[in-house]
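As C-alpha cells, the structure follows; a few thoughts come after it.
There are 2 protein chains.
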Amino acid sequence: MEAFAIYLKNRLALTDEQATQATSCLQTKRFKKGSILLSPGDTKSDSYFINKGLLRYYSIDEKGKEHIIQFAIEDWMLTDRDSFIFNEQSNFYIEAIEDTEVVIVKKDFFASIKNIVPEILELNILMLHNSIRFMQKRIDMLLSATAETRYLQFLKLYPNLSSRVPQWMIASYLGITPESLSRVRKDLVKRK
Amino acid sequence: MEAFAIYLKNRLALTDEQATQATSCLQTKRFKKGSILLSPGDTKSDSYFINKGLLRYYSIDEKGKEHIIQFAIEDWMLTDRDSFIFNEQSNFYIEAIEDTEVVIVKKDFFASIKNIVPEILELNILMLHNSIRFMQKRIDMLLSATAETRYLQFLKLYPNLSSRVPQWMIASYLGITPESLSRVRKDLVKRK
DNA sequence: CGAGCGCTTGATTGAGTTCAAAAATCGTGG
DNA sequence: CCACGATTTTTGAACTCAATCAAGCGCTCG
Numbered sequence: 142m143e144a145f146a147i148y149l150k151n152r153l154a155l156t157d158e159q160a161t162q163a164t165s166c167l168q169t170k171r172f173k174k175g176s177i178l179l180s181p182g183d184t185k186s187d188s189y190f191i192n193k194g195l196l197r198y199y200s201i202d203e204k205g206k207e208h209i210i211q212f213a214i215e216d217w218m219l220t221d222r223d224s225f226i227f228n229e230q231s232n233f234y235i236e237a238i239e240d241t242e243v244v245i246v247k248k249d250f251f252a253s254i255k256n257i258v259p260e261i262l263e264l265n266i267l268m269l270h271n272s273i274r275f276m277q278k279r280i281d282m283l284l285s286a287t288a289e290t291r292y293l294q295f296l297k298l299y300p301n302l303s304s305r306v307p308q309w310m311i312a313s314y315l316g317i318t319p320e321s322l323s324r325v326r327k328d329l330v331k332r333k
Numbered sequence: 142m143e144a145f146a147i148y149l150k151n152r153l154a155l156t157d158e159q160a161t162q163a164t165s166c167l168q169t170k171r172f173k174k175g176s177i178l179l180s181p182g183d184t185k186s187d188s189y190f191i192n193k194g195l196l197r198y199y200s201i202d203e204k205g206k207e208h209i210i211q212f213a214i215e216d217w218m219l220t221d222r223d224s225f226i227f228n229e230q231s232n233f234y235i236e237a238i239e240d241t242e243v244v245i246v247k248k249d250f251f252a253s254i255k256n257i258v259p260e261i262l263e264l265n266i267l268m269l270h271n272s273i274r275f276m277q278k279r280i281d282m283l284l285s286a287t288a289e290t291r292y293l294q295f296l297k298l299y300p301n302l303s304s305r306v307p308q309w310m311i312a313s314y315l316g317i318t319p320e321s322l323s324r325v326r327k328d329l330v331k332r333k
C-alpha cells in the first residue's frame with residue numbers, strides 16, 4: 142500500500158492526504174513462490190501492483206509449452222486485459238516467480254480515483270502508450286532477430302532480472318528452447 | 142474529416158455540432174501508393190486516421206529486410222509513439238500501400254477535444270488496452286506458432302486484408318520469408 | 001541424503017532460409 | 001488495348017539455425 146501511494150505521488154502532483162485517501166481502500170496480498178494468481182478461463186476484476194517480488198504472465202500451448210508474454214517486478218502493474226478491462230475469460234496465467242506481495246487494484250479503483258485526481262487518466266494514457274511502444278519493439282525483435290541477439294537485448298533491457306529468473310524462463314520469454322539458450326550463452330563466453 | 146467525425150460520434154455520445162466542432166480544425170491529406178509518411182529519425186507530431194486506403198508500419202533491419210509491425214486500414218488510427226507521444230526520433234517507417242486519404246490528427250487535438258468531450262479520455266484508454274491485448278496475442282503467436290498456424294490466424298483475423306496486400310508483405314508481418322509463405326499456401330491447397 | 005529440478009552437452013532431425021531461376025501478374029506508356 | 005519491363009509468386013536444391021531427444025552433472029531443499 143505504502144509503495145503504491147508513493148508510486149502515485151511521484152507521478153501525479155498529490156498531497157500526502159490525497160495519496161492516502163486514494164489508496165486507503167486497497168488491500169495487499171501475499172503469494173508464495175509458485176502460486177497461480179490467474180488461470181485461463183478466469184474472469185477476475187483484479188489488477189496487481191507489485192510491492193515486492195516478481196510475477197510472470199504466460200500461456201501454455203497445445204503441446205504443453207509455456208510462453209512468457211511479460212515479467213512484472215516491483216513498481217509495475219500487471220493487468221490481464223481480457224479479464225480486467227473486457228470482462229471476458231482470460232487466456233493466460235499469472236504466477237509468482239518469487240514470494241510476492243501485491244496491491245490488489247479492483248476495477249472500481251480507477252472509477253473512484255479519477256474524481257479525486259483527474260490527472261490519473263492522462264498518466265494512464267501515457268503509460269499505456271509506453272507499453273505499446275515497448276511491445277512493438279519486442280515484436281520487431283521477434284520478427285527479425287536471432288536467438289543470440291534476442292538474448293543480448295534482453296540482458297540490456299532487464300539487467301537485473303536475469304539473476305532473479307531461472308534460465309529456462311528467459312528462454313521461454315525469448316521464444317527459444319532452454320537448450321538453445323544454454324548454447325547461446327556458451328558461445329558468448331567462448332568468444333569473449 | 143467526415144469519416145472521423147462519424148467515428149467519434151459512434152463511440153462517444155456526441156451531438157452533430159460537437160462532432161463537427163471537434164473535427165473542424167483537422168486537415169485531410171492524400172498520399173499516393175508508395176509514399177513514405179514517416180521515416181526513422183523523424184519526429185513528427187502527426188497521428189493518422191485513415192479515411193480510405195491502407196498503411197503499413199514497419200522497420201528495416203541491418204540486412205535490409207523489412208518487418209511489418211502493423212497494418213492500418215479504414216477507420217483505424219496509426220500513431221508512431223516515439224514521435225507523437227514521446228517527442229523522440231522514430232524507429233519505424235509508415236508507407237501507403239494503396240492511394241490513401243488520412244485525417245492528420247495533431248498532438249494538440251487531444252488536448253483541446255478533451256475540454257469539449259471529456260469522455261474521450263476513457264475511450265482512448267479502452268482502445269489502448271484493446272491494442273495491448275491484441276499485441277499480446279500476436280507476441281504469443283510469434284513465440285509459439287509455426288509458419289502455417291500464423292498464416293491461418295492472420296487470415297482469420299484480417300479476412301479482407303489478404304486481397305489488398307501483396308503476399309510478401311503478409312510474410313513480412315508473419316516473420317517468415319515470401320518463399321516460405323508460398324510453400325505454406327501450396328501445402329494448404331494440396332491438403333484441402 | 002536422495003529425489004527432483006535446472007543446466008549442460010551431444011547427436012540427430014527438421015522447419016524455414018538462402019540462392020537461383022522460371023512462371024505469372026501487374027502497370028504503364030505508346 | 002496491347003506490349004514490354006518490372007515486380008511478385010512459385011519452384012527447386014542446398015544449407016542452417018534452432019528444436020528435439022537423450023543422457024549426465026550439480027545443486028538445493030525437503
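Top to bottom, those sequences are chains Z and C.
In case it helps, this note's numbering puts the first sequence at residues 142 to 333.
In case it helps, this note's numbering puts the second sequence at residues 142 to 333.
The C-beta atom is built at its ideal place from N, Cα and C for all residues, glycine as well.
Since the model is a prediction, treat every value here as computed from it, not as a measurement.
Taking beta-carbon pairs under 7 Å, can you tell me which members of the stretch 316-331 of chain Z lie near chain C?
Listed in sequence order: Gly316.
Taking the C-alpha atoms as reference points, what is the distance between Glu263/Z and Leu262/C?
Distance between the alpha carbons of Glu263/Z and Leu262/C: 7 Å.
Tell me whether Thr169/Z counts as near the ligand GDP, meaning its Cβ is closer than 8 Å to at least one heavy atom of that ligand.
Within the structure as shown, the ligand GDP is missing, as the structure has no ligands at all.
Do you know offhand how far Ala146/C's Cα is from Ala213/C's?
Distance between the alpha carbons of Ala146/C and Ala213/C: 18 Å.
Give the interface partners of Asp249/Z over in chain C, defined as CB-CB distance under 9 Å, in chain order.
Here the premise fails: no neighbours, minimum Cβ distance about 14 Å.
Would you mind reading off the limits of the alpha helix (DSSP H) that contains Ala146/Z?
Where Ala146/Z is concerned, the enclosing alpha helix (DSSP H) stretches over Glu143 to Arg152.
DSSP three-state call for Glu229/Z: helix, strand or coil?
Residue state, collapsed to three classes: coil.
Within the same chain, show all residues whose beta-carbon is closer than 7 Å to that of Glu229/C, passing over the 5 residues directly before and after it, in chain order.
So the qualifying residues of the chain are Thr184 and Asp223.
Comparing alpha-carbon positions, which option in Ile311/Z, Trp309/Z and Ile280/Z lies nearest Ile209/C?
The shortest C-alpha separation from Ile209/C is found at Ile280/Z.
Could you tell me the boundaries of the beta strand (DSSP E) in which Ile235/C lies?
Run containing Ile235/C: Tyr234 to Ala237, per the beta strand (DSSP E) assignment.
On the DSSP letters alone, give me the boundaries of the alpha helix (DSSP H) that Ser323/C sits inside.
Here the alpha helix (DSSP H) through Ser323/C covers Pro319 to Arg332.
Could you give the DSSP three-state label for Thr161/Z: helix, strand or coil?
Helix at Thr161/Z.
Give, in chain order, every residue of the stretch 256-279 of chain Z whose Cβ lies closer than 8 Å to some Cβ of chain C.
For the stretch 256-279 of chain Z, which is checked against every Cβ of chain C, the residues closer than 8 Å are Leu262, Glu263, Asn265, Ile266, Leu267, Leu269, His270, Asn271, Ser272, Ile273, Arg274, Met276, Gln277, Lys278 and Arg279.
So the candidates are Leu267/C, Ala252/C, Lys331/C and Thr290/C; which of them puts its Cα closest to the Cα of Ala312/C?
The shortest Cα separation from Ala312/C among Leu267/C, Ala252/C, Lys331/C and Thr290/C belongs to Thr290/C.
Could you give the DSSP three-state label for Asp223/C: helix, strand or coil?
The answer is helix: DSSP assigns Asp223/C an H, G or I state.
Look at the alpha carbon of Asn265/Z and the alpha carbon of Ile257/Z, and state the distance between them as a whole number of angstroms.
Going from the Cα of Asn265/Z to the Cα of Ile257/Z covers about 15 Å.
Just the chain Z side, please: which residues come within less than 8 Å of Leu283/C by C-beta, in chain order?
Those within 8 Å of Leu283/C in chain Z are Ile280, Leu283, Leu284 and Gly316.
Going by DSSP, which residues form a beta bridge with Met218/Z?
According to DSSP, Met218/Z bridges with Phe190/Z.
For Tyr314/Z, does the three-state DSSP call read helix, strand or coil?
In this structure, Tyr314/Z counts as helix in the three-state DSSP scheme.
Please state if the CB of Thr164/C and the CB of Val244/C are separated by a distance shorter than 9 Å.
Going by C-beta atoms, Val244/C is nearer than 9 Å to Thr164/C.
Would you mind working out which of Leu322/C, Ile226/C and Ile177/C sits nearest His270/Z, comparing C-alpha positions?
Comparing Cα-Cα distances from His270/Z to each of Leu322/C, Ile226/C and Ile177/C, the minimum goes to Ile226/C.
Since Lys174/C and Asp240/C are thought to touch, with beta carbons under 8 Å apart, how far apart are those beta carbons, to the nearest angstrom?
Lys174/C to Asp240/C, Cβ: 5 Å. Contact.
What residues in the stretch 225-243 of chain C bring their beta carbon closer than 7 Å to a beta carbon of chain Z?
The residues in question are Ile226.
Kindly say whether Gln308/Z, judged by its beta-carbon, lies nearer than 9 Å to any beta-carbon of chain C.
So no, Gln308/Z is outside the interface.
Using the rule of at least 16 other Cβ atoms within 10 Å of the residue's Cβ for burial, across every protein chain shown, is Ile235/C buried or exposed?
Buried, by the Cβ-count rule.
Quick one: does Gln211/Z have its CB under 9 Å from some CB of chain C?
Yes, its Cβ sits closer than 9 Å to a Cβ of chain C.
In whole angstroms, what is the alpha-carbon distance linking Ile201/Z and Ala160/C?
If you take the alpha carbons of Ile201/Z and Ala160/C, they lie about 45 Å apart.
Report the option in Tyr189/Z, Lys333/Z, Pro300/Z and Ser180/Z whose CA atom is closest to the CA atom of Gln168/Z.
Residue Tyr189/Z is the option with its Cα nearest to Gln168/Z.
Whose C-alpha, out of Ser304/C, Met218/C and Phe295/C, is nearest the C-alpha of Leu149/C?
Closest by alpha carbon: Met218/C.
Under DSSP, the alpha helix (DSSP H) around Lys255/C begins and ends at which residues?
Note, Lys255/C: alpha helix (DSSP H), Lys248 to Ile257.
Looking at the secondary structure, which residues open and close the beta strand (DSSP E) in which Leu196/Z lies?
From DSSP, the beta strand (DSSP E) with Leu196/Z extends over Leu195 to Ile201.
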